[in-house]
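Heads up: the sequence lines are chains L and S, in that order.
Counting from 1, one number per residue, gives the positions in the first sequence under full-length UniProt numbering.
Counting from 1, one number per residue, gives the positions in the second sequence under full-length UniProt numbering.
Even for Gly, the Cβ is constructed at its ideal location relative to N, Cα and C.
To start, the structure itself, in structure tokens.
Protein chains: 2
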Amino acid sequence: MARTTPPRWRDVAEDLLRRIERGDLAPGDGSAARRRLPPEKDLELHYGVSRNTVREALSWLQNQGAVTSEQGKGTFVVHRPQADHVTLSAAALGLAPGGGDGEWYNRDAFIPAGRTVTVSPVKVEVQEGSQLISWYLQTDEETEFISRHQLLHLDGRPWAMQTSYYPLDFATAGASRLLKPRNIPEGAVAYLKETLGYTEVGFHDEIRARVPNESEKHFFSLGDSAADVVFETVRTAYSESGRAFRLTITIWPADRTRLHYNAGDVPDDVLTRPGQGGARDISPSGDDA
Amino acid sequence: MARTTPPRWRDVAEDLLRRIERGDLAPGDGSAARRRLPPEKDLELHYGVSRNTVREALSWLQNQGAVTSEQGKGTFVVHRPQADHVTLSAAALGLAPGGGDGEWYNRDAFIPAGRTVTVSPVKVEVQEGSQLISWYLQTDEETEFISRHQLLHLDGRPWAMQTSYYPLDFATAGASRLLKPRNIPEGAVAYLKETLGYTEVGFHDEIRARVPNESEKHFFSLGDSAADVVFETVRTAYSESGRAFRLTITIWPADRTRLHYNAGDVPDDVLTRPGQGGARDISPSGDDA
DNA sequence: TGGGATTTGTTCGTATGTATG
DNA sequence: ACATACATACGAACAAATCCC
Numbered sequence: 001m002a003r004t005t006p007p008r009w010r011d012v013a014e015d016l017l018r019r020i021e022r023g024d025l026a027p028g029d030g031s032a033a034r035r036r037l038p039p040e041k042d043l044e045l046h047y048g049v050s051r052n053t054v055r056e057a058l059s060w061l062q063n064q065g066a067v068t069s070e071q072g073k074g075t076f077v078v079h080r081p082q083a084d085h086v087t088l089s090a091a092a093l094g095l096a097p098g099g100g101d102g103e104w105y106n107r108d109a110f111i112p113a114g115r116t117v118t119v120s121p122v123k124v125e126v127q128e129g130s131q132l133i134s135w136y137l138q139t140d141e142e143t144e145f146i147s148r149h150q151l152l153h154l155d156g157r158p159w160a161m162q163t164s165y166y167p168l169d170f171a172t173a174g175a176s177r178l179l180k181p182r183n184i185p186e187g188a189v190a191y192l193k194e195t196l197g198y199t200e201v202g203f204h205d206e207i208r209a210r211v212p213n214e215s216e217k218h219f220f221s222l223g224d225s226a227a228d229v230v231f232e233t234v235r236t237a238y239s240e241s242g243r244a245f246r247l248t249i250t251i252w253p254a255d256r257t258r259l260h261y262n263a264g265d266v267p268d269d270v271l272t273r274p275g276q277g278g279a280r281d282i283s284p285s286g287d288d289a
Numbered sequence: 001m002a003r004t005t006p007p008r009w010r011d012v013a014e015d016l017l018r019r020i021e022r023g024d025l026a027p028g029d030g031s032a033a034r035r036r037l038p039p040e041k042d043l044e045l046h047y048g049v050s051r052n053t054v055r056e057a058l059s060w061l062q063n064q065g066a067v068t069s070e071q072g073k074g075t076f077v078v079h080r081p082q083a084d085h086v087t088l089s090a091a092a093l094g095l096a097p098g099g100g101d102g103e104w105y106n107r108d109a110f111i112p113a114g115r116t117v118t119v120s121p122v123k124v125e126v127q128e129g130s131q132l133i134s135w136y137l138q139t140d141e142e143t144e145f146i147s148r149h150q151l152l153h154l155d156g157r158p159w160a161m162q163t164s165y166y167p168l169d170f171a172t173a174g175a176s177r178l179l180k181p182r183n184i185p186e187g188a189v190a191y192l193k194e195t196l197g198y199t200e201v202g203f204h205d206e207i208r209a210r211v212p213n214e215s216e217k218h219f220f221s222l223g224d225s226a227a228d229v230v231f232e233t234v235r236t237a238y239s240e241s242g243r244a245f246r247l248t249i250t251i252w253p254a255d256r257t258r259l260h261y262n263a264g265d266v267p268d269d270v271l272t273r274p275g276q277g278g279a280r281d282i283s284p285s286g287d288d289a
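The following block contains the structure:
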């Protein structure tokens with residue numbers, strides 16, 4: 001039999017949520033940048049329930065990503081910053097402004113003008129027998145790979161974690177700088193074209209969302225709420241001969257990132273200012289079944 | 001000052017997680033399809049903590065999406081089904097097998113052969129003054145829109161919720177079937193081309209991940225855990241004149257959906273079997289800075 | 001700088017309700 | 001009807017972090 005009345009904590013939680021959305025919480029404290037909820041003791045009296053029941057409600061609100069509690073300070077309405085918009089299709093392959101050269105984030109991830117990307121030192125590792133990597137790069141499982149890992153910041157704030165993989169052969173066949181923990185200023189793609197003669201003619205992206213691991217939580221300052229998930233994009237790039245060319249895995253904090261893709265003919269301002277909105281007039285035609 | 005020792009519930013939770021991952025839980029019950037954890041009372045004795053502390057640990061594991069509890073039954077390890085892979089770039093615009101005609105899911109969302117999509121009746125509404133819709137379609141805020149909403153099933157299982165929007169003008173200008181709560185078998189894009197003369201030449205997608213609302217939770221059978229989030233894809237399609245053409249918002253359950261995009265030249269088996277893996281050999285070149 | 005007040009975090013105990021088998 | 005198992009709810013004590021005078 002289904003429950004007829006909701007539990008008390010649920011009533012408390014939903015009332016708090018309404019009050020948060022209406023903005024009429026913390027009446028004496030409406031000035032602060034970060035809106036604060038009344039302390040648990042006050043809520044206890046206000047709703048006529050025990051502190052534990054109040055905490056059940058707050059716990060649910062935390063999981064929903066609506067509030068966050070800090071020991072000794074109080075419980076606060078979560079402030080979600082404006083999202084960063086990243087175009088993953090436009091800059092690559094010379095399909096859009098920015099061309100296809102330079103650092104990976106100029107190739108793979110187009111960001112609106114005026115933003116600054118800073119890059120951590122490269123961490124280089126040699127790995128063997130990763131089933132996942134082998135699968136994407138279509139190699140034997142015993143193949144050894146070079147992984148190059150970096151942390152990316154946008155305007156000084158944590159933005160993405162990124163790792164690229166390629167077979168160890170690349171380094172011995174002429175692209176030795178892949179093994180050095182230094183940036184490749186002209187971009188690894190350009191470098192590999194120059195040294196090994198490979199041209200990137202297409203790519204395939206796979207996107208998932210998942211719970212972050214500890215390292216990702218730390219870098220992006222994420223908690224345990226359902227809002228604190230990450231995107232994982234897996235880009236497989238192909239050479240002219242149709243062979244898997246490179247594998248780049250990027251982690252993005254989903255609460256403040258929007259991913260964009262363009263295909264076909266798209267107005268310029270949509271390409272260059274994703275999420276910004278170019279004002280223009282309308283005209284008809286529709287879709288959907 | 002940072003805490004030196006973790007709380008007891010955290011120890012319990014992490015130990016349970018280890019035991020879950022190693023598979024050595026529920027020793028007398030290893031046969032069942034769904035692995036069951038020992039009851040709370042047993043854990044209480046095993047770890048020497050109170051039942052409330054055990055429940056703190058289980059609660060955290062639930063939020064992480066690792067377990068789920070059912071009243072009267074027990075606590076079970078969550079079984080994540082194999083993901084469905086959907087290609088959002090290939091089928092549209094005739095860029096890939098499947099062409100560009102027919103129902104939306106043949107145009108917009110390419111799925112591997114052998115899967116069957118079934119569609120709910122269309123729910124048609126007329127809406128006014130949606131700031132969001134106006135923004136994407138670049139219209140005035142007072143413009144009225146037709147919305148056409150459908151539930152999609154893949155092989156009989158809930159797969160996606162989808163809503164398309166276009167100005168009410170479309171219906172009065174000749175595309176009257178948009179207002180009828182019936183499928184448009186040849187596809188709305190083809191229908192609008194025929195009636196209003198618009199051709200779709202490109203599109204822009206924006207992808208986000210967020211906590212589901214009640215309706216989405218219900219349709220996809222999602223809970224409150226951090227694994228139970230949804231993708232929301234917003235597709236804006238453009239006509240030859242570069243005007244916003246249609247707006248299609250699709251909701252996907254992120255725990256069992258992978259989104260795919262292709263660009264440029266990509267091997268055929270990657271196009272037609274995303275997530276399936278065509279076995280082939282390797283060859284070098286790399287990327288990343 | 002100190003010390004007390006405030007506020008949330010952790011942990012326990014207990015009782016009762018509800019769903020399952 | 002009974003036993004099992006999770007859910008809800010209350011009360012209480014102390015710890016830990018912060019705030020404020």
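- Mind listing the chain S neighbours of L/V229? Cutoff is C-beta to C-beta under 7 angstroms, in chain order. A209, A226 and V229
- Query: Quick one: is S/N63 near chain L, going by C-beta distance under 7 angstroms?
  - Reply: yes
- Task: Would you kindly work out how many angstroms separate the C-alpha atoms of L/L25 and L/F76, rounded to a whole number?
- Result: 10 angstroms
- Query: Could one say the Cβ of L/S176 lies closer than 7 angstroms to chain S's Cβ atoms, at least one of them?
  - Reply: no
- Item | Environment of S/L16 [buried if 16+ CB atoms lie within 10 Å] | buried
- Item | Inside the stretch 106-134 of chain L only - beta strand (DSSP E) runs reaching at least 3 residues | 117-119 and 123-128
- Task: Please confirm if S/E125 has its CB atom under 7 angstroms from at least one CB of chain L.
- Result: no
- Pick helix, strand or coil for S/V77, following the three-state DSSP scheme. strand
- Task: Taking S/S215 as part of the alpha helix (DSSP H), name the residues at either end of that continuous run.
- Result: E214 to F220
- Contacts of S/N262 in chain L (Cβ-Cβ under 8 angstroms): G202, F203, H204 and D205
- Message: Less than 7 angstroms between the C-beta atoms of S/D269 and S/T233, yes or no?
- Response: no
- Message: With a threshold of 7 angstroms between beta carbons, is S/R51 in contact with chain L?
- Response: no
- Under 6 angstroms Cβ to Cβ from S/R19, same chain only, skipping five residues before and after it: list those, please. L25
- Does the Cβ of S/T236 have 16 or more other Cβ atoms within 10 Å, making it buried, or fewer, making it exposed? buried
- Message: From the DSSP secondary-structure annotation, give me the bridge partner or partners of S/W252.
- Response: S/F231
- Message: Tell me the residue span of the alpha helix (DSSP H) that contains L/Y47.
- Response: E40 to Y47
- Message: Pairs of beta-carbons, one from the stretch 254-272 of chain L and one from the stretch 167-177 of chain L, closer than 8 angstroms: are there three or more?
- Response: no
- Query: Along chain S, in chain order, which residues have C-beta atoms closer than 7 angstroms to that of L/G242?
  - Reply: P267
- Query: So, is the C-beta of S/Y47 closer than 7 angstroms to a C-beta in chain L?
  - Reply: no
- Starting from the N-terminal side, write out each stretch of the beta strand (DSSP E) that is 3 residues or longer and does not extend beyond the stretch 136-171 of chain L. 144-154 and 157-167
- Would L/T257 be called buried (16 or more neighbouring beta carbons within 10 Å of its own) or exposed? buried
- Message: Since L/V122 and L/Q150 should fall inside the 8 angstroms C-beta cutoff, what is the C-beta to C-beta distance between them, to a whole number of angstroms?
- Response: 6 angstroms
- Message: Any beta carbon from chain L within less than 7 angstroms of S/R258's own beta carbon?
- Response: yes
- Anticipated Cβ contact below 8 angstroms, S/N63 with L/N63, distance rounded: 6 angstroms
- Item | Environment of L/Q138 [buried if 16+ CB atoms lie within 10 Å] | buried
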